[in-house]
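Trainee: Shown below is the structure under consideration.
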Amino acid sequence: MQDNEILSRINRLVTEEHELRGRLASGEVTTDEENARVKELEVALDQCWDLLRQRRARRGVGEDPDNAAPRPVGEVENYQQ
0 MQDNEILSRI NRLVTEEHEL RGRLASGEVT TDEENARVKE LEVALDQCWD
50 LLRQRRARRG VGEDPDNAAP RPVGEVENYQ Q
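Start counting the sequence shown at 0; every next residue gets the next number (numbering that gives the first Met the number 0).
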């Protein structure tokens, strides 16, 4: 996945989070549904940012950014269960 693809995914996830909060405010989803989906979105966002950081770091030291790989959820820096 290229940097621009990762950034596009991040934008889509953020947009979905904003839309979800609006749906909660209008009563279209329950708080439990919103909380569950927001947690999924946060995990996906953390993984995307982590992958983007890896790619930039590899590029910065002259390595191939395409060798960066998504890490399991538990290994991502900001992940909290």
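The beta-carbon is built from N, C-alpha and C at its ideal position, and this holds for glycine as well. Everything numeric in this text was worked out from a predicted model, so none of it was measured.
Within the continuous alpha helix (DSSP H) that includes residue 34, where are the two ends?
Mentor: Its alpha helix (DSSP H) spans residues 30-59.
Trainee: Within the chosen definition, does the segment 46-56 reach the segment 17-24 through at least 3 CB pairs nearer than 8 Å?
Mentor: Too few Cβ pairs lie closer than 8 Å, so no.
Trainee: Among 51, 38 and 39, which one has its Cα closest to the Cα of residue 7?
Mentor: Nearest of 51, 38 and 39 to residue 7, Cα basis: 51.
Trainee: DSSP three-state label for residue 11, please.
Mentor: The answer is helix: DSSP assigns residue 11 an H, G or I state.
Trainee: Would residue 57 pass as a contact of residue 64 if the rule is Cβ separation under 8 Å?
Mentor: Yes, these two residues count as a Cβ contact at 8 Å.
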